[in-house]
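Asks:
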Amino acid sequence: MLTQPSHDVVVIGAGVVGAACAYYAARAGLRVAVVDRGPVAGGTTGAGEGNLLVSDKEPGPELDLALLSTGLWRDLAEELGAAVEYEPKGGLVVASAPAGLDALRGFAARQRAVGVQAEEIPADGLPALEPHLAPGLAGGVRYPQDAQVQPALAAAHLLRASGADRHLGETVRALRTTAAGAVCGVVTDRRELAAAAVVNAAGTWGGEIAALAGVHLPVMPRRGFVLVTEPLPRIVRHKVYAADYVADVASGSAALQTSAVVEGTPAGPVLIGASRERVGFDRTLSVEVLQRLAAQAAALFPVLRGVAVQRAYRGFRPYLPDHLPAVGADPRVPGLYHACGHEGAGIGLAPATGLLVAQQLTGDPTALDPAPFRADRFKVVGPAGTEPPVTDRGEA
Amino acid sequence: MPISPSDPTAPHRDPAAVPYDLAVVGAGPAGLAAAVTAAELGLRCALLDAAERPGGQYYRHPAPGLGAARPDRLHHHWPAFTALLARLDTQVRAGRVDHLAGHHVWTAEPGEPWRLHAVVGPAGTGSAVVEARNVLLATGAYERQLPFPGWTLPGVVTAGGAQAMLKAGLVLPGRRIVVAGSGPLLLAAAASLAAAGARVPAVVEAGDYLGYARTPAALGALAANPGKLAEGARHAALLLRHRVRLRPRAAVVEVHGEDRVTAVTVARLDSAWRPVPGTGRRIACDALAVGHGLLPQIELATELGAPTRTAPDGAVALAVDERLRTGLPGLWAAGETCGVGGADLALVEGEIAAREIAGRPVPTALRSARRRRRAFADLLAAAHRPGPGWTDWLTPGTDVCRCEEVPVSRIREAVEELGAGDARTVKLLTRAGMGWCQGRMCGPAVACLSGGGPARPDSRPLACPVPLSHLAEAAPRPSDGRS
Ligand SMILES: Cc1cc2nc3c(=O)[nH]c(=O)nc-3n(C[C@H](O)[C@H](O)[C@H](O)COP(=O)(O)OP(=O)(O)OC[C@H]3O[C@@H](n4cnc5c(N)ncnc54)[C@H](O)[C@@H]3O)c2cc1C
Ligand SMILES: Cc1cc2nc3c(=O)[nH]c(=O)nc-3n(C[C@H](O)[C@H](O)[C@H](O)COP(=O)(O)OP(=O)(O)OC[C@H]3O[C@@H](n4cnc5c(N)ncnc54)[C@H](O)[C@@H]3O)c2cc1C
Chain Z
2 MLTQPSHDVV VIGAGVVGAA CAYYAARAGL RVAVVDRGPV AGGTTGAGEG
52 NLLVSDKEPG PELDLALLST GLWRDLAEEL GAAVEYEPKG GLVVASAPAG
102 LDALRGFAAR QRAVGVQAEE IPADGLPALE PHLAPGLAGG VRYPQDAQVQ
152 PALAAAHLLR ASGADRHLGE TVRALRTTAA GAVCGVVTDR RELAAAAVVN
202 AAGTWGGEIA ALAGVHLPVM PRRGFVLVTE PLPRIVRHKV YAADYVADVA
252 SGSAALQTSA VVEGTPAGPV LIGASRERVG FDRTLSVEVL QRLAAQAAAL
302 FPVLRGVAVQ RAYRGFRPYL PDHLPAVGAD PRVPGLYHAC GHEGAGIGLA
352 PATGLLVAQQ LTGDPTALDP APFRADRFKV VGPAGTEPPV TDRGEA
Chain C
5 MPISPSDPTA PHRDPAAVPY DLAVVGAGPA GLAAAVTAAE LGLRCALLDA
55 AERPGGQYYR HPAPGLGAAR PDRLHHHWPA FTALLARLDT QVRAGRVDHL
105 AGHHVWTAEP GEPWRLHAVV GPAGTGSAVV EARNVLLATG AYERQLPFPG
155 WTLPGVVTAG GAQAMLKAGL VLPGRRIVVA GSGPLLLAAA ASLAAAGARV
205 PAVVEAGDYL GYARTPAALG ALAANPGKLA EGARHAALLL RHRVRLRPRA
255 AVVEVHGEDR VTAVTVARLD SAWRPVPGTG RRIACDALAV GHGLLPQIEL
305 ATELGAPTRT APDGAVALAV DERLRTGLPG LWAAGETCGV GGADLALVEG
355 EIAAREIAGR PVPTALRSAR RRRRAFADLL AAAHRPGPGW TDWLTPGTDV
405 CRCEEVPVSR IREAVEELGA GDARTVKLLT RAGMGWCQGR MCGPAVACLS
455 GGGPARPDSR PLACPVPLSH LAEAAPRPSD GRS
């Protein structure tokens with residue numbers, strides 16, 4: 002019954018996280034196949050922004066992952082070159098009032114203690130960094146490690162560089178298991194792929210893959226909109242956002258939240274994003290969200306009042322109730338690994354995630370303690386919709 | 005309910021007043037017919053159109069200052085149009101229709117009532133929100149473009165664009181104009197160009213006119229639409245008189261010229277629209293008018309998830325029922341939005357929709373006229389559906405997306421090497437379709453080159469660019485202390 006597996010690992014999902022898993026697994030010498038029901042970057046990766054942020058994260062496991070990723074992205078940029086539009090432009094978080102600046106200063110101090118580079122910028126230093134910033138701000142903090150990539154290009158080039166076999170346009174319908182209950186391959190609508198390990202990098206749909214293996218993983222969608230302006234000359238140099246956003250970190254609401262992060266792109270358009278709402282997979286444009294994002298962007302950069310918004314797009318972030326991703330071996334099912342649930346930071350966290358998964362696959366020591374990301378940390382609760390209130394964490 | 009300040013004829017209305025019974029988006033044949041019919045049946049209507057003057061694509065007319073004495077010479081439907089305008093005028097005066105000209109609707113918010121958000125004025129400096137219990141989408145269609153080597157050279161215009169230029173300003177794009185592409189519009193365009201004094205050396209049609217009459221059903225549809233046959237015959241006679249040669253099953257596969265068109269190469273096509281090697285022939289000309297049919301302009305509805313259908317010409321249109329309801333409560337559609345079918349059909353559908361919305365009976369004759377004309381439209385559509393082989397006339401360097409200057413080679417790389425499998429991913433990886441026209445021009449070609457299966461509606465959350473200040477100023481004040 003057992004055929005010789007053609008691959009060591011099958012990765013489900015060709016988003017940025019799946020592509021990173023494939024890349025690091027292949028680099029570790031494993032034979033990799035990637036399956037996606039759509040094209041590369043057809044899920045949330047093609048609907049997000051490419052902020053690689055450490056600035057918005059408080060000390061803890063997610064920041065550790067982000068710091069690891071920061072260095073990995075720098076290495077990747079050298080290999081993949083300009084193709085992924087990597088820009089180490091740095092972030093600038095500004096405060097409008099002295100109280101906000103105090104909070105920001107405290108936050109930055111705690112981040113510095115764990116290795117984040119953060120440089121306080123007095124009010125009169127802001128114009129030199131961002132000439133078009135609104136006057137009268139209290140000051141800010143610059144984060145040189147914040148960077149940017151174009152997410153779809155990043156996923157596509159990582160996947161190509163991995164050399165993995167691609168099965169795009171194929172949906173995974175079932176997982177194959179051994180008599181002992183270990184996962185040993187996937188069944189798609191076109192073929193079976195045997196492998197000793199399967200990586201669940203199905204993003205917002207990661208819970209469905211977990212269910213195929215008979216385990217609970219409550220990944221849920223969290224909608225976000227991004228506004229895109231007409232192409233502009235370079236008027237925004239960093240990723241700029243307001244400190245109030247960091248202060249929001251502890252707000253526990255399912256309702257709409259917006260905190261505009263404003264950034265330029267190499268192609269010219271300025272991106273303004275993003276909102277956060279738990280409304281299931283509702284794709285309908287929300288005029289109110291667009292209005293709020295626009296107002297916040299205009300408050301930071303008054304010059305944007307004079308430009309046209311050319312389009313808007315939305316995506317559904319994969320989030321888990323405690324806002325940490327599920328990364329690594331599932332203690333409940335041998336052979337099953339997870340790499341999903343990165344919410345609003347999946348682009349940034351993809352390389353570190355891929356590296357950790359590859360290290361576990363090969364049995365190498367891991368670069369970080371993977372314990373906080375274990376997939377079995379969630380209790381099975383009542384029917385959907387009754388999950389306890391959650392805390393918001395920032396992302397761009 | 006805010007009323008456009010730019011419309012002096014609009015009676016003053018209290019902002020807290022009740023919503024309109026019906027808001028019609030688009031003042032072409034379908035929208036005009038719907039608005040006047042609904043108003044005559046007692047409904048309070050708003051008629052919004054991005055353009056300053058009513059008429060849509062078909063009833064284009066010269067701006068008043070141009071001194072064009074006889075716009076009626078350019079089409080025989082002029083009396084029908086002037087009659088509609090007179091009825092509109094009556095309803096506007098009676099306060100039953102507010103004609104909101106220069107209102108470009110950028111999104112429609114479903115609900116009770118619906119809310120239409122519009123950018124107002126030629127410079128887009130104003131804004132308006134219009135509330136209505138029903139919305140009729142009569143936003144018409146735009147031209148389908150397929151790229152070919154040299155199509156970005158000055159002197160290459162769209163067939164509809166040439167028509168429009170002629171109707172609105174009475175200017176010709178050149179002296180010697182080849183008309184090419186596919187669809188019934190080509191004959192109309194060639195006839196108008198010739199009548200206006202241009203020399204038209206050839207009409208190059210990729211499809212096969214004989215295809216119209218291949219099946220008994222097709223013959224039936226032809227026989228049931230004598231008006232259409234007469235129209236075709238009129239065009240044909242005119243073209244004959246002007247010694248215009250009709251070349252079916254052929255396409256312009258290359259445009260020549262340094263900084264302007266000087267000639268085109270026309271090649272024969274096989275049944276899949278693949279150019280037949282060795283059949284290329286040069287035709288000297290100083291302009292090329294080219295079009296490949298029309299695509300319904302339906303993003304206001306598809307962004308809301310309204311169900312669609314793929315018409316026989318491969319275009320995505322709104323799916324409506326016999327009463328012209330879309331799949332969304334309170335949202336109706338008429339004219340080209342339901343599938344390209346011409347001005348006569350648009351008039352009929354506008355009237356049917358208005359009667360349905362008013363809850364009045366629809367005369368059987370009207371319903372059967374609609375069925376007959378739809379059948380005929382589907383027949384035409386099938387005969388002009390682009391064959392899959394058209395991509396053979398592309399070269400690696402042919403620009404597909406003109407706004408972002410993305411050539412064929414970059415798109416092929418994205419598909420073959422980077423794993424893009426549909427138009428959306430090609431766009432993300434190459435920027436094709438991200439420019440000013442938001443993929444209206446390159447969308448069909450990109451979809452075809454990315455091999456992404458059956459046609460899907462393009463995603464276009466904003467139907468037109470919106471000044472950021474409009475959005476910012478309308479933002480709700482933060483109630484929770486956050487900025
Ligand atoms: C508006 C917005 C802004 C954002 N901004 C940022 C930002 O600035 N920085 C940042 O780091 N992150 C940002 N994010 C978050 C980021 O986009 C996501 O965290 C990330 O893309 C997740 O990647 P992924 O590979 O896990 O998921 P995805 O890209 O969704 O990939 C999962 C893939 O799995 C496939 N799949 C699912 N089920 C199956 C199945 N049964 N069979 C086969 N294939 C399957 C899907 O087709 C999909 O392609 C943003 C998100 C949004 C929505
Ligand atoms: C370029 C072109 C040239 C044509 N030339 C001919 C011809 O010569 N002969 C012929 O028989 N047929 C021609 N047609 C086809 C003919 O115009 C249609 O059959 C007919 O006009 C359809 O009527 P309609 O009411 O459905 O749409 P249209 O007449 O297209 O009217 C749609 C109206 O909606 C408005 N609109 C669209 N979107 C919005 C929005 N978001 N907000 C506000 N307003 C909006 C437009 O400004 C337009 O006025 C042409 C079509 C095109 C596109």
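Chains as they are written, first to last, in my numbering: chain Z, 2 to 397; chain C, 5 to 487.
Positions of the beta carbon are idealized from the N, C-alpha and C atoms, including for glycine.
For residue 305 of chain C and residue 38 of chain C, which I take to be in contact (beta-carbon distance under 8 Å), what is that distance rounded to the nearest angstrom?
Replies: Actually they do not touch by this definition, with Cβ atoms about 15 Å apart.
Asks: Is it right to say residue 99 of chain C is buried, meaning 16 or more other beta carbons lie within 10 angstroms of its own, or is it exposed?
Replies: Residue 99 of chain C comes out exposed.
Asks: Let me confirm a value: residue 172 of chain Z is counted as buried when at least 16 other C-beta atoms fall within 10 Å, else exposed. Which label applies?
Replies: Looking at its Cβ environment, which holds fewer than 16 other Cβ atoms inside 10 Å, residue 172 of chain Z is exposed.
Asks: Determine whether the Cβ of residue 13 of chain Z lies closer than 7 Å to any Cβ atom of chain C.
Replies: Chain C, which has no Cβ nearer than 7 Å to the Cβ of residue 13 of chain Z, makes this no.
Asks: Are the CB atoms of residue 318 of chain C and residue 389 of chain C nearer to each other than 7 Å?
Replies: A contact, by the Cβ cut-off of 7 Å.
Asks: Is any beta-carbon of chain Z found at less than 7 Å from that of residue 471 of chain C?
Replies: At least one chain Z Cβ lies under 7 Å of residue 471 of chain C.
Asks: Which residue comes first and which comes last in the alpha helix (DSSP H) that contains residue 93 of chain C?
Replies: Unbroken alpha helix (DSSP H) run through residue 93 of chain C: 82-97.
Asks: Shorter than 7 Å from the beta carbon of residue 455 of chain C to some beta carbon of chain Z?
Replies: With 7 Å as the cut-off, residue 455 of chain C does not count as an interface residue toward chain Z.
Asks: Give the residues of chain Z in contact with residue 61 of chain C, contact being defined as C-beta atoms less than 8 Å apart.
Replies: What residue 61 of chain C touches in chain Z: nothing, since even the nearest Cβ is about 24 Å away.
Asks: Would you check if there are 3 or more beta carbon pairs closer than 8 Å linking the segment 359-373 of chain Z to the segment 38-46 of chain Z?
Replies: No contact exists between the segment 359-373 of chain Z and the segment 38-46 of chain Z.
Asks: Can you give, in chain order, each stretch of the alpha helix (DSSP H) that sits fully within the segment 42-85 of chain Z and has at least 4 residues?
Replies: Within the segment 42-85 of chain Z, the complete alpha helix (DSSP H) runs of at least 4 residues are 62-81.
Asks: Cβ-heavy atom distance between residue 341 of chain Z and ligand 1 below 6 Å?
Replies: Yes, the beta carbon of residue 341 of chain Z sits closer than 6 Å to at least one heavy atom of ligand 1.
Asks: Please state whether the Cβ-Cβ distance between residue 40 of chain C and residue 91 of chain C is less than 7 Å.
Replies: Yes, the Cβ-Cβ distance between residue 40 of chain C and residue 91 of chain C is below 7 Å.
Asks: Hey, could you find the ends of the alpha helix (DSSP H) residue 108 of chain Z is sitting in?
Replies: Element bounds for residue 108 of chain Z: 99-114.
Asks: Nearest chain Z C-beta to residue 426 of chain C closer than 7 Å, yes or no?
Replies: For residue 426 of chain C, the answer is yes, since a Cβ of chain Z falls inside 7 Å of its Cβ.
Asks: With hydrogens ignored, establish whether the beta-carbon of residue 74 of chain Z is closer than 6 Å to any heavy atom of ligand 1.
Replies: For ligand 1, not one heavy atom lies less than 6 Å from the Cβ of residue 74 of chain Z.
Asks: Looking at residue 147 of chain Z and ligand 2, is the gap between the Cβ and the nearest heavy atom below 6 Å?
Replies: Because no heavy atom of ligand 2 lies under 6 Å away, the Cβ of residue 147 of chain Z does not count as near it: no.
Asks: Taking the beta carbon of residue 282 of chain Z as the centre, do at least 16 other beta carbons fall within 10 Å, making it buried, or is it exposed?
Replies: Counting Cβ neighbours within 10 Å, residue 282 of chain Z comes out exposed, since fewer than 16 surround it.
Asks: Can you find a C-beta in chain Z that's less than 7 Å from the C-beta of residue 307 of chain C?
Replies: Yes, residue 307 of chain C lies at the interface with chain Z (some Cβ there is under 7 Å from its Cβ).
Asks: Pairing CB atoms from the segment 428-443 of chain C with CB atoms from the segment 403-412 of chain C, are three or more of them under 8 Å?
Replies: Yes, they touch.
Asks: Please return the same chain residues whose Cβ sits closer than 7 Å to the Cβ of residue 345 of chain C, not counting the five positions on each side in sequence.
Replies: Result list for residue 345 of chain C: 377, 378 and 381, in chain order.
Asks: Using a Cβ-Cβ cut-off of 7 Å, state whether residue 250 of chain Z counts as contacting chain C.
Replies: Note that residue 250 of chain Z scores a pLDDT of 43, beneath 50, so its modelled location is shaky; the value from the coordinates is reported in the next line. No, residue 250 of chain Z lies away from the interface with chain C (no Cβ there is under 7 Å from its Cβ).
Asks: Measure the alpha-carbon distance for residue 162 of chain Z versus residue 425 of chain C and round it to whole angstroms.
Replies: Distance between the alpha carbons of residue 162 of chain Z and residue 425 of chain C is about 18 Å.
Asks: If you draw a straight line from the C-alpha of residue 292 of chain C to the C-alpha of residue 299 of chain C, how long is it?
Replies: When rounded, the distance between both Cα atoms is 21 Å.
Asks: Taking the straight line between their C-alpha atoms, what separation do you get for residue 70 of chain Z and residue 353 of chain Z?
Replies: Distance between the alpha carbons of residue 70 of chain Z and residue 353 of chain Z is about 5 Å.
Asks: Alpha carbons only, please: which of C:57, C:278 and C:288 is nearest the one belonging to residue 103 of chain C?
Replies: The option with the nearest alpha carbon to residue 103 of chain C is C:57.
Asks: Between residue 115 of chain C and residue 393 of chain C, what straight-line distance do the alpha-carbon atoms span, to the nearest angstrom?
Replies: So the two alpha carbons sit approximately 45 Å from each other.
Asks: Flag this pair as yes or no: are the beta carbons of residue 145 of chain C and residue 301 of chain C separated by less than 7 Å?
Replies: The answer is yes: Cβ separation under 7 Å.
Asks: Using CA atoms only, rank isn't needed, just tell me which of Z:207, Z:26, Z:107 and Z:25 is closest to residue 317 of chain Z.
Replies: Nearest option by C-alpha distance: Z:207.
Asks: So the alpha helix (DSSP H) residue 18 of chain Z belongs to, where does it begin and stop?
Replies: Residue 18 of chain Z -> alpha helix (DSSP H) spans 17-28.
Asks: In chain order, which alpha helix (DSSP H) runs of at least 4 residues are fully inside the segment 168-213 of chain C?
Replies: Entirely contained in the segment 168-213 of chain C, the alpha helix (DSSP H) runs reaching 4 residues are, in chain order, 189-199.
Asks: Please tell me whether, using a cut-off of 6 Å, the distance from the CB of residue 168 of chain Z to the nearest non-hydrogen atom of ligand 2 is below it.
Replies: Checking the Cβ of residue 168 of chain Z against ligand 2 gives no.
Asks: Taking Cβ to Cβ, would you say residue 232 of chain Z is nearer than 7 Å to residue 267 of chain Z?
Replies: No, they are not a contact pair.
Asks: Can you tell which of C:23, C:462 and C:45 has the C-alpha that lies nearest to the C-alpha of residue 357 of chain C?
Replies: Checking every option, the nearest Cα to that of residue 357 of chain C belongs to C:45.
Asks: I want to see whether chain C comes within less than 7 Å of residue 180 of chain Z, judged by CB atoms only; does it?
Replies: No, no contact with chain C.
Asks: Decide if the segment 329-349 of chain Z is in contact with the segment 210-223 of chain Z; the criterion is three or more beta carbon pairs, one per stretch, under 8 Å apart.
Replies: Because the criterion of three Cβ pairs below 8 Å is met, the segment 329-349 of chain Z and the segment 210-223 of chain Z touch.
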